[in-house]
Each structure stands twice: as structure tokens, then as C-alpha cells.
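Asker: Position 158, counted from 1, in the sequence shown is what the working numbering calls 182; the numbers after and before it change by one each time, with no gaps. Every residue, glycine too, gets a C-beta built ideally from N, C-alpha and C. Here the structure is a predicted model, which is why all the values come from computation and not from measurement.
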Amino acid sequence: MPEYFIFADIIGIIAFTISGFLIAIKNNLDILGILIASTLTALGGGIIRDAILSAPPYAFTYIHPALTLIITIFVAYIFKLYKESSIERKWMFVISDTIGLVAFSITGALLAISAEYNFFGIVILSFITAVGGGVTRDIMINEVPTVLISDFYGSIAVIVALLLGTLNFFNAINEFSIITTALFSVALRLIAYKKGWHLPKLN
Numbered sequence: 025m026p027e028y029f030i031f032a033d034i035i036g037i038i039a040f041t042i043s044g045f046l047i048a049i050k051n052n053l054d055i056l057g058i059l060i061a062s063t064l065t066a067l068g069g070g071i072i073r074d075a076i077l078s079a080p081p082y083a084f085t086y087i088h089p090a091l092t093l094i095i096t097i098f099v100a101y102i103f104k105l106y107k108e109s110s111i112e113r114k115w116m117f118v119i120s121d122t123i124g125l126v127a128f129s130i131t132g133a134l135l136a137i138s139a140e141y142n143f144f145g146i147v148i149l150s151f152i153t154a155v156g157g158g159v160t161r162d163i164m165i166n167e168v169p170t171v172l173i174s175d176f177y178g179s180i181a182v183i184v185a186l187l188l189g190t191l192n193f194f195n196a197i198n199e200f201s202i203i204t205t206a207l208f209s210v211a212l213r214l215i216a217y218k219k220g221w222h223l224p225k226l227n
């Protein structure tokens, strides 16, 4: 397993665990609800991805996904993130969710490239890895999934997949190109959120 894949996976788990934790606090879930919401957000997309790849679930075969999840929840509790003001929690959620989205888009795309999928396959696997956990979480707490109401959410996963697919076509996948793609995608998502950018809608 490439080191940059593991690094991106850990970053994604940390970020999505925090976003799941904050969503659970927002919806007044109990301790078990917080654990379930955080786990679904952080690991759900990867489990769906591995099912598509017909591979043993990565979250169940390596120790660091579960360990990272538990440590992150513990740290979030110790630093009392649940006591932040609603505005602070909102921006903390947006930032952590964006980082998780980009990190998991990258891991999904890299695995699709490793499996020699075509461009379409790279986009689909990247998208599912990035949004699968969040969609599962939102359905569980009876909310409309973010990907359906935030135009520049799912689009970021598609952009990441297209960029990495193009880089792979030119044999330019390396640590530098992956980090550059990640930074660009995070910045684009945060700018889009701040400025309220939306995709065109059909009337």
C-alpha cells in the first residue's frame, strides 16, 4: 500500500470523524449515536468502495482506521468541541468535511487507478468513497444528504478524480502532484462555500 495512500486515508478518517461528531452533537445524539454517526461518516464510504472492488474491507483488515477513529473521538471530547458556539461548529464542520471529502476522493481515485479502471470508473469510485459515508450518516439521522443540496460538494470529488485520472494518463502521479491536487480542491470547495457558488439548474 503506497505511503501517500495511507496518509490520505488517515487524514480523511480524522476529518470525517470530526464532521460526524459535530453532526451528532448538532442533532443531540447520545454517546452511542455519536459513535455510530462518526463511524459511518469516517468508514462508510471506504467499506462501500471495497465492496465494489471485491476486496476485504480496508477498515476491518488494518488497525489504523479503527484506531484513528477512536483516538479522534476521544480528542474531540477532551477538547470539548461539543461546547463550541454554533458558528464555530459550523465552520469547523465545513473545514473538516471538506478535508475528508478531498482525502477520500483521492484514496478512491488511487485505488481505481491501481485497479486499472477507466476514467468513468475512477470518477465513480472516487465519488462513492468520498460521499458514501456522509450519505449513510445523513439517512440515519433523517436529513437530506449534503451531496444533494450542496452543489459544490459532490463536484469536488469529480474534479479530484478527473485531475488524478489525467495525471495518471501522463504518468505524473507522485506525492507532489497529489498534494497539489488536494490543496487546490480544498481551496476550491471552501471558496465555493463562502461565495455560495452553485451549478446551473434546469427550470
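1) Along the chain, where does the alpha helix (DSSP H) containing GLU140 start, and where does it finish?
2) If you draw a straight line from the C-alpha of ALA90 to the C-alpha of THR122, how long is it?
3) I think ARG161 touches LEU46, with their Cβ atoms under 8 Å apart; what is that distance to the nearest whole Å?
4) On the CB-based measure, 16 or more other CB atoms within 10 Å of its CB, does ILE111 come out buried or exposed?
5) Please report how far the alpha carbon of ALA61 lies from the alpha carbon of ILE165, in whole angstroms.
6) Using CA coordinates, which residue listed in LYS50, ILE203, LEU149 and ARG213 is at the minimum distance from SER179?
7) Within 8 Å of any Cβ in chain D, is that where the Cβ of LYS50 sits?
8) Tell me, to the nearest whole angstrom, how far the beta carbon of LEU149 is from that of TYR141; I am working on the premise that it is less than 8 Å.
9) List the endpoints of the continuous alpha helix (DSSP H) containing GLU27.
Answerer: A quick look at the data gives this:
1) No alpha helix (DSSP H) holds GLU140; DSSP gives it neither H nor E.
2) 21 Å
3) Not really, about 11 Å apart at Cβ, beyond 8 Å.
4) exposed
5) 8 Å
6) ARG213
7) No chain D appears in this structure, which consists of one protein chain only.
8) 7 Å
9) 27–50
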